[in-house]
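>
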Amino acid sequence: MSTVFFGDDHAFMEGISNQSFTLSNGRVKDLKLESFVSYDDPADSMIYSKNHCDVVLFTAPHTTFGWWLGYLSKGNQVYYTDIKYVDDNSISSGLFDPDDYYPPHWTPFKYNEFDNTTVVETMK
23 MSTVFFGDDH AFMEGISNQS FTLSNGRVKD LKLESFVSYD DPADSMIYSK NHCDVVLFTA
83 PHTTFGWWLG YLSKGNQVYY TDIKYVDDNS ISSGLFDPDD YYPPHWTPFK YNEFDNTTVV
143 ETMK
């Protein structure tokens with residue numbers, strides 16, 4: 023499996039793609055060897071997602087770019103950061119209903135606490 027990073031902050035994505043981590047089975051996953059950063063324009067990224075992405079994960083929960091990458095993806099298996107775990111006032115102001123935005127078969131990530139990067143479970 024290859025990981026492709028899409029976005030507009032290429033320095034951030036290069037930083038992520040140069041990391042490695044240890045899986046629960048003890049195997050080390052080196053993203054530098056198993057991933058790449060896309061420098062394509064947004065339209066080409068969406069075409070790539072449509073033809074090649076079996077799974078999409080987007081971390082900015084209120085992004086239209088990530089939403090469309092997921093919606094158009096080949097596999098349409100989408101995971102996203104639950105908007106309740108980020109600093110987005112659209113929920114508290116009543117201007118945003120996640121059920122109207124995310125298709126029901128997409129899976130939100132539930133974090134240990136607000137502003138924490140530890141995923142404790144998926145919510146579906």
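Just so we're aligned, residue 23 is where the sequence shown starts under our numbering, counting upward by one.
All C-beta atoms, glycine included, are put in the ideal place defined by N, C-alpha and C.
For clarity, every value in this text was computed on a predicted model and none was experimentally measured.
In or out: Gly-37 buried (at least 16 other Cβ within 10 Å) or exposed?
Flag for Gly-37 reads exposed.
> Just the Cα atoms here: how many angstroms apart are Ser-67 and Tyr-61?
One C-alpha to the other measures close to 9 Å.
> Could you tell me how far apart the beta carbons of Val-26 and Phe-58 are, in whole angstroms, since I believe they sit closer than 8 Å?
Yes, Val-26 and Phe-58 are in contact; Cβ-Cβ is about 6 Å, under 8 Å.
> Just to confirm, is the Cβ distance from Asp-76 to Gly-97 under 8 Å?
Yes; because the gap between Cβ atoms is below 8 Å, this pair is in contact.
> When DSSP builds the beta bridges, which residues end up paired with Tyr-102?
The partner list for Tyr-102 (beta bridge, DSSP) reads Phe-80, Pro-130.
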